[in-house]
Amino acid sequence: MEKHKCDKCDRPATYHSVEIVNGKKIEKHLCEYHAAEEGLTFKVAHKPINELLTNFVKMHSQDQSVAGPGDVACEQCGLTYAEFQERSLMGCPSCYQAFARQLDVLLARTHEGATEHHGKIPSNTGSGEQHQQQLMRMRKRLDEAVEAEDYELAAHLRDEIGKISTAVDGGGAAI
Amino acid sequence: MNLGRMTDHAGEWLRGTGPQSDIVVSSRVRLARNLAGYPFVNRAASRQRLEVLQRSRQQILEGKLAEDMIWVDINECEPMDRQLLVERHLISRQHAKASDDLPRGVAVGLNESVSIMVNEEDHLRVQVLRSGMQLGEAFEQINHIDDCLEKRLDFAFSKKYGYLTACPTNIGTGIRVSVMMHLPALKLTGEIDKVKRAAKDMHLAVRGMFGEGSDAIGDLFQISNQTTLGRGEQEILADFQHTVVPQIIAYEQQARQALVRQRPALLDDGIWRSWAILNNARLMRTDEVLSLLSQIRLGVTMGRLEKVTMRMLNELFLMTQPAHLQKLMGSDMDPAQRREARATLIRKRLGQS
Chain A
1 MEKHKCDKCD
11 RPATYHSVEI
21 VNGKKIEKHL
31 CEYHAAEEGL
41 TFKVAHKPIN
51 ELLTNFVKMH
61 SQDQSVAGPG
71 DVACEQCGLT
81 YAEFQERSLM
91 GCPSCYQAFA
101 RQLDVLLART
111 HEGATEHHGK
121 IPSNTGSGEQ
131 HQQQLMRMRK
141 RLDEAVEAED
151 YELAAHLRDE
161 IGKISTAVDG
171 GGAAI
Chain B
1001 MNLGRMTDHA
1011 GEWLRGTGPQ
1021 SDIVVSSRVR
1031 LARNLAGYPF
1041 VNRAASRQRL
1051 EVLQRSRQQI
1061 LEGKLAEDMI
1071 WVDINECEPM
1081 DRQLLVERHL
1091 ISRQHAKASD
1101 DLPRGVAVGL
1111 NESVSIMVNE
1121 EDHLRVQVLR
1131 SGMQLGEAFE
1141 QINHIDDCLE
1151 KRLDFAFSKK
1161 YGYLTACPTN
1171 IGTGIRVSVM
1181 MHLPALKLTG
1191 EIDKVKRAAK
1201 DMHLAVRGMF
1211 GEGSDAIGDL
1221 FQISNQTTLG
1231 RGEQEILADF
1241 QHTVVPQIIA
1251 YEQQARQALV
1261 RQRPALLDDG
1271 IWRSWAILNN
1281 ARLMRTDEVL
1291 SLLSQIRLGV
1301 TMGRLEKVTM
1311 RMLNELFLMT
1321 QPAHLQKLMG
1331 SDMDPAQRRE
1341 ARATLIRKRL
1351 GQS
């Protein structure tokens, strides 16, 4: 394409457009400044990070040797890897274990090659991962009991959650 | 809480003070945290969401994390109040627009430097926002808040992956460090594209003033880290403090000096033309105001226009946003009425200066 000067000044044009209005061809060539003045260059649409990630995941999932089957599911919350691919969101902390094999490549691409944490560790790493999973299972059962109006079981589960929860804030059994 | 009180002043971060505030408008650090033993917000049952909200709210308010913390239930807010909080950068657009059956809220400190969103994408999104280049101070404050919170709440954490978040782009430290920079000279000289390329090479994101998916209006660019796994908080922070921000400031200053030397008329024309329009226009769109104010800000920081203070400019940035304008006028207005009210407000405020 031949080099254009800006229609309004001597600077080289960086914005080009051709419109057909009432059968007449209207060309526009503007420099950065004048394009900005007309509000033409303000629409710098950056892809949101979620979208980029979705594309990553999709690209990655076509590589079956690495990704494995899309129907791996998290035991805790039931999220399948295919569902994760759709929305780019994990369902619960345990999903990271369930999808560990698929995740490493994805994480390395998103985090400059890193697959492991460096940095702050909470002083209260507290209850440990297994314990956290147990709590999550029991809270799920509690929900089901309330849903089924089995208040006896619900009360029992609430007590149990209160007992095993070592969390400093009292484990939330009060609600 | 009476959100109406918010409209007569700007938050601390818009004071227009702070180190290097001629180019760095504000510094922000945020942490993503989730309560252990619950699914993430997107997969939690409504009872669990409510439980997460109530526990978090109680611990945040009892923890005395910042001076005079107040709580706002977002799902009970009028849409206009939600928009007001978005314009003040206290909640995200996502938090404002989520469905009404998601119980969610935000805790805000008195001078609006601290805000904690509950049940956004993660259970907790803690933010510290400061004016000028104050990333170190912002980090210290947020780290202290995080220390206080972890004494009261058990966070989802794994040795391998660090803090666990709903989206894998945030795991590890869960930290997002960002600076909002005013880069009109780089925009004018077209060199902003070089900055964007360099930022991309450094795995940094460049966005508009309202974060993800927003356009860069008014020459305001928000630059933030994308990598949260495998690098420590201090390392990420040091990159910004010692490399990224000083370099972009230097580029912008060079571009400004080049404009003064080579095209002073172009520079002054932009500034004074904007001044003339702001002082005389009868109808004004939001994006137009931001572009014009950007030129005035450039003029003030370069000493080429002395009719207005930075503080007033920053306040106008905020007060001319749709929700602020309507709150200030005390009535709902359609876009056409807003354009007129906006132009009147600007003429009045600039006329007093």
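Going down the list, the protein sequences come from chains A and B. FYI, my numbering numbers position 8 of the first sequence as 8, with every residue one higher than the one before it. FYI, my numbering numbers position 6 of the second sequence as 1006, with every residue one higher than the one before it. Backbone N, C-alpha and C define an ideal beta-carbon position, used for all residues, glycine too.
- In the DSSP secondary-structure assignment, V21 (chain A) is bridged to A:K24.
- As a beta-bridge residue in DSSP terms, Q1222 (chain B) pairs with B:M1180 and B:R1207.
- Taking a contact to require three or more Cβ pairs closer than 8 angstroms, the region 1157 to 1165 of chain B and the region 107 to 122 of chain A qualify as touching.
- One finds nothing in chain B with a Cβ atom closer than 7 angstroms to the Cβ of V18 (chain A); even the nearest lies about 22 angstroms away.
- Looking only at B:A1238, B:R1055 and B:T1301, the smallest Cα-Cα distance to Q1253 (chain B) is reached by B:T1301.
- Chain-order list of chain A residues neighbouring N1034 (chain B): P93, by C-beta distance under 8 angstroms.
- Short of 6 angstroms from the beta carbon of L1050 (chain B), and not among the five residues preceding or following it, lie these beta carbons of its own chain, in chain order: P1103.
- Counted as a single uninterrupted DSSP element, the beta strand (DSSP E) harbouring I1116 (chain B) occupies residues V1114 to V1118.
- Chain B has a Cβ within less than 7 angstroms of the Cβ of Q132 (chain A).
- Residue burial is scored here from C-beta neighbours: R1282 (chain B) has fewer than 16 other C-beta atoms within 10 angstroms and is therefore classed as exposed.
- Shown here for T1017 (chain B): same chain residues with a beta carbon closer than 7 angstroms to its own, the five before and five after excluded, namely S1131 and G1132 in chain order.
- If you draw a 10 Å sphere on the C-beta of A1185 (chain B), you find 16 or more other C-beta atoms in it, and that means buried.
- Taking C-beta separations shorter than 6 angstroms and ignoring five residues to either side along the sequence, the partners of V72 (chain A) in its chain run Y81, following chain order.
- Taking C-beta atoms under 8 angstroms as the contact rule, G91 (chain A) and F1155 (chain B) fail to qualify, at a distance of about 17 angstroms.
- Across the structure, L1188 (chain B) and Y33 (chain A) are spaced so that their CA atoms are roughly 5 angstroms apart.
- In the DSSP assignment, G1162 (chain B) is bridged to B:S1158 and B:G1172.
- By alpha-carbon distance to H111 (chain A), the top candidate from B:G1109, B:Q1226 and B:M1329 is B:Q1226.
- Contact with chain B is absent for T80 (chain A), since none of that chain's Cβ atoms lies less than 7 angstroms from the residue's Cβ.
- Put simply, the region 1081 to 1090 of chain B does not touch the region 128 to 143 of chain A. Fewer than three CB pairs are less than 8 angstroms apart.
- With a cutoff of 7 angstroms on beta-carbon distance, E1012 (chain B) and N1111 (chain B) are scored as near each other.
- In terms of Cα proximity to L30 (chain A), the closest of A:K24, A:A145, A:H16 and A:E83 is A:H16.
- For H29 (chain A), no CB of chain B lies under 7 angstroms from its own CB, so it is not counted at the interface with that chain.
- Chain-order list of chain A residues neighbouring F1040 (chain B): C77, L89, M90, G91, C92, P93 and C95, by C-beta distance under 9 angstroms.
- Rounded to the nearest whole angstrom, the CA to CA distance from L1149 (chain B) to A1066 (chain B) is 12 angstroms.
- Of the candidates B:M1181, B:K1064, B:S1115 and B:L1350, B:M1181 places its Cα closest to the Cα of Q1247 (chain B).
- The alpha carbon of A1036 (chain B) has as its nearest neighbour, out of B:H1203, B:L1124, B:M1333 and B:K1307, the alpha carbon of B:L1124.
- Chain A places no beta carbon closer than 7 angstroms to that of K1200 (chain B), leaving this residue out of the contacts.
- For chain A, the residues of the region 1153 to 1165 of chain B that bring a beta carbon within less than 7 angstroms of one of its beta carbons are L1153, D1154, F1155, A1156, F1157, S1158, K1160, Y1161, G1162 and L1164, in chain order.
- Chain A places no beta carbon closer than 7 angstroms to that of A1258 (chain B), leaving this residue out of the contacts.
- An exposed status is given to P12 (chain A), since fewer than 16 other beta-carbon atoms sit within 10 Å of its beta-carbon.
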